[in-house]
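Below is one structure, written out as structure tokens; comments come after it.
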Amino acid sequence: RYARQISRPGAYFPWFTNCEGRSLYFTNANELRHIQKWNNCCLTLQLFDPYRYGGDLADLRKRMPLLREILDFLISELVERKEGRYAIRNIQGADENINRDNDTAHLLPLVQGLAGYLEGCRRLGRRPPPEYERTHAGLRRALAGNCRKGLLYPWRGARDTNSEAFTFHVLN
1 RYARQISRPG
11 AYFPWFTNCE
21 GRSLYFTNAN
31 ELRHIQKWNN
41 CCLTLQLFDP
51 YRYGGDLADL
61 RKRMPLLREI
71 LDFLISELVE
81 RKEGRYAIRN
91 IQGADENINR
101 DNDTAHLLPL
111 VQGLAGYLEG
121 CRRLGRRPPP
131 EYERTHAGLR
141 RALAGNCRKG
151 LLYPWRGARD
161 TNSEAFTFHV
171 LN
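Quick note: the sequence shown, position 152, residue 152 per the numbering used here, numbers continuous.
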């Protein structure tokens, strides 16, 4: 329902919800259009991780449709393509502070979520959407743009690194 409210495909899970899945922040997703969405990126990791660590193909098969729905939303909502380059569009960062370009908190788990989906497709003998492979490769290059002198920065152009960027790097 929330993805449709902002004219996007797929599934969008708000930051905080009640037990029925209704947002505690808004009644319509347009009210907070540029609020952080990295929780959805993290959901893609959570959907793939049981297979990554347990290897149950039947369980993976059940999880793949929702994983794709979330990825369809994230690619449509977050990914910007300009002149053959990919990046996370300007959006509120995970620290709920300023909007930023190529936010690492969105970028890193989305890269990993796409990698999990692509691996799941290979394991299940399915063909992934071609745009998933291009987007994954493009976002990996964008991630390299957030690194300088061996450090991962919280967004493109950030002057300082922080514990948030380090934590995302370690966890992903």
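Think of the CB as a built atom: it goes at the ideal place given N, C-alpha and C, for glycine as much as any other residue.
Reference Pro50; option with closest CA among Arg22, Val111, Gly120 and Leu78 | Gly120
Which same chain residues, not among the five before or five after Thr135, have their C-beta less than 8 Å away from its C-beta?
-> The beta carbon of Thr135 sits closer than 8 Å to the beta carbons of Ile75, Val79, Tyr86 and Leu114 from its chain, once the five residues preceding and following it are set aside; these are given in chain order.
Could you tell me whether the Cβ atoms of Ile88 and Asp72 are closer together than 7 Å?
-> no
When DSSP builds the beta bridges, which residues end up paired with Tyr86?
-> Arg81
Under 7 Å, do Thr44 and Ile70 count as touching if we go by C-beta distance?
-> yes
When DSSP labels each residue in this structure, what does Arg148 get in the three-state scheme?
-> Arg148: strand per DSSP, three-state reduction.
With burial defined as no fewer than 16 other Cβ atoms inside 10 Å of the residue's Cβ, what is the status of Asn146: buried or exposed?
-> buried
Look at the Cβ atom of Leu118, then the Cβ atom of Pro128, and state whether they are nearer than 7 Å.
-> yes
Just to confirm, are Gln92 and Gln36 a CB contact at a threshold of 7 Å?
-> yes
Since Asn99 sits in a beta bridge, which residues does DSSP pair it with?
-> Listed as beta-bridge partners of Asn99 by DSSP are Gln92.
Taking C-alpha atoms, which residue in Leu67, Gly55, Pro130 and Thr17 lies nearest to Pro109?
-> Leu67
How long is the line joining the alpha carbons of Tyr25 and Leu151, rounded to whole angstroms?
-> Taking the straight line joining both Cα atoms gives about 34 Å.
Three-state secondary structure assigned by DSSP to Ser7 = coil
Label Gly175 either buried or exposed according to how many other C-beta atoms from any shown protein chain fall within 10 Å of its C-beta, with 16 as the threshold for buried.
-> Summary: the structure shown does not reach residue 175, with the chain confined to residues 1 through 172, and so no result is reported for it.
Closest by CA to Asn39, which one among Ala137, Phe16 and Glu31?
-> If we check each option's Cα against that of Asn39, Phe16 comes out closest.
Using DSSP bridges, identify the partner residues of Ser23.
-> Thr17, per the DSSP bridge assignment.
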